[in-house]
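So for the sequence shown, our numbering puts the first residue at 7; every next one is plus one. Backbone N, C-alpha and C define an ideal beta-carbon position, used for all residues, glycine too. Here the structure comes first, spelled out in structure tokens, and everything after it is commentary.
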Amino acid sequence: MAFSYLLHLECPRCHAVYDADTLAHLCTCGSPLLVRYDLQAVQKQLSKAMLQSREPSLWRYHELLPVRSPENVVSLGEGMTPIIHLNRLGPKLGMKYLYAKDEGVIPTGSFKARGATVGVSRAKELGVKVLAMPTNGNAGGAWATYSARAGIEAVIVMPRDAPSITRNECAISGAKLFLVNGLINHAGAIVGRAVKAYGWYEASTLKEPYRIEGKKTMGYEIVEQFQWNVPDVILYPTGGGVGIIGIYKALRELQEMGWIGERLPRLVAVQATGCAPIVRAWQEGKPDSQLWENSRTIAFGINVPRALGDFLVLDAVRSTDGCAVAVSDDELLHAQATLASQEGLFVCPEGAATLVAAERLRQEGWIKENERVVLLNTGTGLKYPDTVQMTVPVLEPQDDLPIA
Ligand SMILES: Cc1ncc(COP(=O)(O)O)c(C=O)c1O
Ligand SMILES: [Zn+2]
Numbered sequence: 007m008a009f010s011y012l013l014h015l016e017c018p019r020c021h022a023v024y025d026a027d028t029l030a031h032l033c034t035c036g037s038p039l040l041v042r043y044d045l046q047a048v049q050k051q052l053s054k055a056m057l058q059s060r061e062p063s064l065w066r067y068h069e070l071l072p073v074r075s076p077e078n079v080v081s082l083g084e085g086m087t088p089i090i091h092l093n094r095l096g097p098k099l100g101m102k103y104l105y106a107k108d109e110g111v112i113p114t115g116s117f118k119a120r121g122a123t124v125g126v127s128r129a130k131e132l133g134v135k136v137l138a139m140p141t142n143g144n145a146g147g148a149w150a151t152y153s154a155r156a157g158i159e160a161v162i163v164m165p166r167d168a169p170s171i172t173r174n175e176c177a178i179s180g181a182k183l184f185l186v187n188g189l190i191n192h193a194g195a196i197v198g199r200a201v202k203a204y205g206w207y208e209a210s211t212l213k214e215p216y217r218i219e220g221k222k223t224m225g226y227e228i229v230e231q232f233q234w235n236v237p238d239v240i241l242y243p244t245g246g247g248v249g250i251i252g253i254y255k256a257l258r259e260l261q262e263m264g265w266i267g268e269r270l271p272r273l274v275a276v277q278a279t280g281c282a283p284i285v286r287a288w289q290e291g292k293p294d295s296q297l298w299e300n301s302r303t304i305a306f307g308i309n310v311p312r313a314l315g316d317f318l319v320l321d322a323v324r325s326t327d328g329c330a331v332a333v334s335d336d337e338l339l340h341a342q343a344t345l346a347s348q349e350g351l352f353v354c355p356e357g358a359a360t361l362v363a364a365e366r367l368r369q370e371g372w373i374k375e376n377e378r379v380v381l382l383n384t385g386t387g388l389k390y391p392d393t394v395q396m397t398v399p400v401l402e403p404q405d406d407l408p409i410a
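Below, the structure written as structure tokens:
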């Protein structure tokens with residue numbers, strides 16, 4: 007039995023096929039490449055029961071991941087994050103079965119660890135010595151961490167305004183870190199020039215095919231955690247879109263293996279009103295998005311003015327009868343406080359945005375009372391210490407608490 011049933015890389019746009027065992031980036035047509043597996047063989051070799059006895063990490067799905075040899079796996083125990091029933095908040099919002107999948111408890115504090123464990127492992131397997139990437143912070147932190155563990159040198163470029171703790175993660179892990187006075191697309195252009203000049207491995211979002219394979223495991227886990235049934239709606243905070251593309255890919259793979267039926271969850275791409283290129287394209291019925299000028303949001307991970315995989319995000323949303331929703335910074339900050347005070351969940355601003363979208367879609371009747379709704383919280387609020395504003399009374403040692 008093989009550790010991985012990796013077959014080849016395939017272009018979702020022009021269907022060109024590429025060898026998976028040499029370093030590959032985009033298709034010659036400019037599209038990202040997707041990883042394909044021998045799903046028929048996996049279906050014969052693997053059963054749902056076999057999975058049950060495996061470790062609670064995303065590597066439990068190794069047949070459906072691209073690393074051929076277990077000794078190349080670079081892991082910190084990521085995956086199988088909890089799905090928490092919001093049984094206090096949900097009923098108040100008219101949703102009996104509202105859940106949050108909490109990626110805040112994963113190594114490095116965000117779901118970016120999933121892309122990093124698989125992406126870095128595969129890079130190691132293919133002999134990469136130096137990788138370079140632009141990031142909005144969390145991905146850089148995760149890739150720096152896993153690269154350190156793999157013995158790979160990481161070069162990271164992030165906007166100056168990215169959450170400062172992610173700088174610390176990169177620096178302490180020994181990455182070469184640069185800040186740019188600009189946005190992630192500016193960081194991406196700098197990295198693009200550098201990889202050409204120095205021959206480094208380009209690990210930008212969707213420019214290497216393996217990060218998405220790590221992120222798709224959120225889809226496998228959700229289905230497994232619902233006892234191999236699909237929920238009705240999954241809401242995802244969408245920046246580069248890798249997570250939502252990955253979840254959709256996972257669902258299709260499970261369908262092809264006959265592990266789930268025809269019905270898929272409706273996928274909802276949630277963006278911020280200050281940066282909503284996918285929402286605009288979805289509203290206008292366009293197959294891809296336009297650059298969003300002067301983008302701005304406190305939910306930094308979803309401040310992506312134009313995503314390389316925009317057409318794949320829009321396809322995932324449309325093929326599942328989903329939708330795309332933009333929420334304001336004020337609304338998402340309010341939702342962040344609500345989740346913390348009512349459910350004990352200190353989520354990241356990006357994750358909080360999904361609650362606002364769910365609430366709105368419920369009010370509009372798009373979500374029904376008895377539907378099973380999953381909010382994807384992509385990271386912990388602890389990584390954004392400056393987002394919460396408060397004034398706290400300060401006491402002198404001799405003071406009594408001024409509370410009756
Ligand atoms: C916390 C958080 N949520 C969501 C996203 C958006 O991720 P994706 O590229 O999967 O759309 C990011 C990306 O930086 C992030 O850091
Ligand atoms: Zn192509």
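So L70 packs on Y43, CB below 8 angstroms; how close in whole Å?
The beta-carbon distance between L70 and Y43, rounded to whole angstroms, is 6 angstroms. This is short enough to meet the 8 angstroms contact definition.
Please state the DSSP three-state secondary structure of S170.
In the structure shown, S170 adopts helical secondary structure according to DSSP, grouped into three states.
If you run the structure through DSSP and keep just helix, strand and coil, what is R217?
If DSSP states are grouped into helix, strand and coil, R217 belongs with the helices.
Verify the contact flag: G281, CB atom, against every heavy atom of ligand 1, threshold strictly below 8 angstroms.
The identity of residue 281 in the sequence shown is Cys, whereas the question assumes Gly. Checking the 8 angstroms criterion, the Cβ of C281 is out of range of every heavy atom belonging to ligand 1.
Unbroken beta strand (DSSP E) run spanning L27, endpoints
Note that residue 27 is Asp in the sequence shown here, rather than Leu. D27 -> no beta strand (DSSP E), and no H or E assigned at all.
Return the CA-CA distance between L320 and A145, expressed in angstroms with no decimal places.
Distance between the alpha carbons of L320 and A145 is about 22 angstroms.
For K182, which beta-bridge partners are listed by DSSP?
The partner list for K182 (beta bridge, DSSP) reads V161.
Cα separation between L381 and A364?
A364 has its alpha-carbon roughly 8 angstroms from the corresponding atom of L381.
Among K213, F306, V400, nearest to G315 - alpha-carbon criterion:
Cα-wise, what sits closest to G315 is K213.
What alpha helix (DSSP H) runs, 4 residues minimum, are completely inside the segment 318 to 350?
Restricted to the segment 318 to 350, the alpha helix (DSSP H) segments that are unbroken, complete and at least 4 residues in length are 335 to 349, listed in chain order.
Using 8 angstroms as the Cβ pair cut-off and three pairs as the minimum, do the segment 286 to 301 and the segment 242 to 261 touch?
Segments in contact, no.
Alpha carbon of N78 to alpha carbon of K221, nearest angstrom:
Annotation: N78 to K221 spans about 18 angstroms, alpha carbon to alpha carbon.
Could you tell me if T397 is buried or exposed, where buried requires 16 or more neighbouring beta carbons within 10 angstroms of its beta carbon?
By the neighbour-count rule (16 or more Cβ atoms within 10 Å), T397 is not buried but exposed.
Leaving aside the five residues before and after Y67 along the sequence, list all residues of the same chain whose C-beta is less than 7 angstroms from its C-beta, in chain order.
Within the same chain, and ignoring the five residues on either side of Y67 in sequence, the residues whose Cβ sits closer than 7 angstroms to its Cβ are T223, Y226.
Heavy atom of ligand 1 within 8 angstroms of V248 beta-carbon:
Within the cutoff, so yes.
What is the DSSP secondary structure of N191, reduced to helix, strand or coil?
If DSSP states are grouped into helix, strand and coil, N191 belongs with the helices.
Would the C-beta of H14 count as close to ligand 2, meaning under 8 angstroms from any of its heavy atoms?
Checking the Cβ of H14 against ligand 2 gives no.
Closest to G96 by CA distance: which of V134, T344, G121, P391 is it?
The alpha carbon of G96 has as its nearest neighbour, out of V134, T344, G121, P391, the alpha carbon of T344.
Tell me the residue span of the beta strand (DSSP E) that contains P140.
Residues 136 to 140.
Is F416 near ligand 1, with its Cβ less than 8 angstroms from a heavy atom?
The chain is shown from 7 up to 410; residue 416 falls before or after that span and cannot be answered.
Does the Cβ of G85 lie closer than 8 angstroms to at least one heavy atom of ligand 3?
Among the ligands present in this structure, namely ligand 1 and ligand 2, ligand 3 is not found.
List the DSSP bridge partners of D108.
Per DSSP, N383.
If we ignore side chains and look at the alpha-carbon of each, how far apart do A160 and A275 end up?
Separation of A160 and A275 (C-alpha to C-alpha, rounded to the nearest whole angstrom) is 30 angstroms.
Could you check if Q51 is buried or exposed, using at least 16 other CB atoms within 10 Å of its CB as the buried criterion?
Exposed, because fewer than 16 other Cβ atoms sit within 10 Å of the Cβ of Q51.
With the cut-off set at 9 angstroms, would you say A313 and S295 are in Cβ contact?
Yes, the pair counts as a contact, with Cβ atoms nearer than the cut-off.
How about P243 and A359: are their beta carbons less than 9 angstroms apart?
Remark: C-beta atoms of P243 and A359 approach each other more closely than 9 angstroms.
Closer than 8 angstroms: is that where the CB of C354 sits relative to any heavy atom of ligand 2?
Checking every heavy atom of ligand 2 against the Cβ of C354, none is found closer than 8 angstroms.
Taking D238 as the reference, give the member of V124, S325, M263, R378 with the closest Cα.
Comparing Cα positions, the closest option is R378.
Can you pull every residue whose C-beta falls closer than 6 angstroms to some heavy atom of ligand 2, listed in chain order?
Of all residues, those with a beta-carbon under 6 angstroms from at least one heavy atom of ligand 2 are C17, R19, C20, A22, C33, C35, S37, reported in chain order.
Any idea what DSSP makes of P76, helix, strand or coil?
Here DSSP, grouped into helix, strand and coil, assigns P76 to helix.
For M56, count neighbouring Cβ atoms within 10 angstroms of its own Cβ and tell me buried if that reaches 16, exposed if not.
Result: exposed.
Return the first residue and the last residue of the beta strand (DSSP E) that I90 is part of.
89 to 91 is the extent of the beta strand (DSSP E) around I90.
Rounded separation between G247 and E402 - CA only
Straight through space, the alpha carbons of E402 and G247 are spaced by roughly 50 angstroms.
Are A30 and L45 close, meaning C-beta to C-beta below 9 angstroms?
No.
Distance, Cα to Cα, H192 vs L40?
Straight-line measurement puts the Cα of L40 at about 25 angstroms from the Cα of H192.
Helix, strand or coil for A282? Go by DSSP, reduced to three states.
Note: A282 maps to coil in three-state DSSP.
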